[in-house]
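Here the structure is laid out as structure tokens; the discussion comes afterwards.
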Amino acid sequence: MPTRKDLVHMSYCSQALLPIGQSDLDRLLQVSQHNNQRDGITGLLTFSGEVFVQFLEGPSDAVSRLMGRIQGDALHRDVIVLSEGADHERVLPGWDMELVAREEAHQVLRAALGEADRYDKVIGLSRLLAKLDPHRYSGG
Ligand SMILES: Cc1cc2nc3c(=O)[nH]c(=O)nc-3n(C[C@H](O)[C@H](O)[C@H](O)COP(=O)(O)O)c2cc1C
80 MPTRKDLVHM SYCSQALLPI GQSDLDRLLQ VSQHNNQRDG ITGLLTFSGE
130 VFVQFLEGPS DAVSRLMGRI QGDALHRDVI VLSEGADHER VLPGWDMELV
180 AREEAHQVLR AALGEADRYD KVIGLSRLLA KLDPHRYSGG
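Take a look at the structure:
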């Protein structure tokens, strides 16, 4: 029988709203690492300048609460969930929340596009990929 403490993961992408600078990112990571340690959440964040991609894992109740806060955050909009599910163990134990390179964001989105099962998701992901890499995806 599943409980609210079961381990789950969730990944999403979103569109940044303001010009976001290094100090905004530093502040965001500081708050995230503090809260995530408290809440038992681990994961990673990538940021391209326009697009966020984040992977989160932790107890299901903590991940739900965090997603509620994130979806209401004025720093971004158009939060699209890429994947979610139950896990037996963490992929990133010890990562309170790390910022990783733009290339990673690209890889995560391409993989999600390859597995997308709904038309609106394909469109949303294609748009985000075009923003990440306009030369490669324009017109295609
Ligand atoms: C792209 C993005 C990723 C975020 N990731 C996290 C996170 O991993 N953990 C977290 O606590 N807050 C995260 N936040 C911030 C939350 O939206 C929210 O501002 C914060 O949790 C509020 O914390 P406080 O109640 O301690 O002020 C993120 C926000 C954005 C825009």
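In this note's numbering, the protein residues as written are 80 to 219. Ideal Cβ positions, reconstructed from N, Cα and C, are used throughout, including at glycine. Nothing here was measured: the structure is a model prediction, and the numbers come from that model.
Bridge partners - residue i, DSSP secondary structure assignment
i      : result
Gly164 : His88
Boundaries (first-last residue) of the alpha helix (DSSP H) holding residue i
i      : result
Glu194 : Arg181 to Glu194
Gly122 : Unbroken run through Gly122 is the beta strand (DSSP E), Thr121 to Phe126; no alpha helix (DSSP H).
Val170 : Unbroken run through Val170: none, as it is neither H nor E.
Ala117 : The amino acid occupying residue 117 in the given sequence is Arg; Ala does not appear at that position. Gln101 to Asp118 is the span of the alpha helix (DSSP H), which, as asked, contains Arg117.
Where residue i falls, given that 16 or more other Cβ within 10 Å makes a residue buried
i      : result
Glu168 : exposed
Gln109 : exposed
Tyr91  : buried
Residue i - DSSP class collapsed to helix/strand/coil
i      : result
Ala95  : strand
Asp152 : coil
Leu208 : helix
Boundaries (first-last residue) of the beta strand (DSSP E) holding residue i
i      : result
Glu136 : Val130 to Pro138
Residue i: CB within 7 angstroms of a non-hydrogen atom of ligand 2
i      : result
Arg156 : Inclusion of ligand 2 in the displayed structure is not the case, the ligand content consisting of ligand 1 alone.
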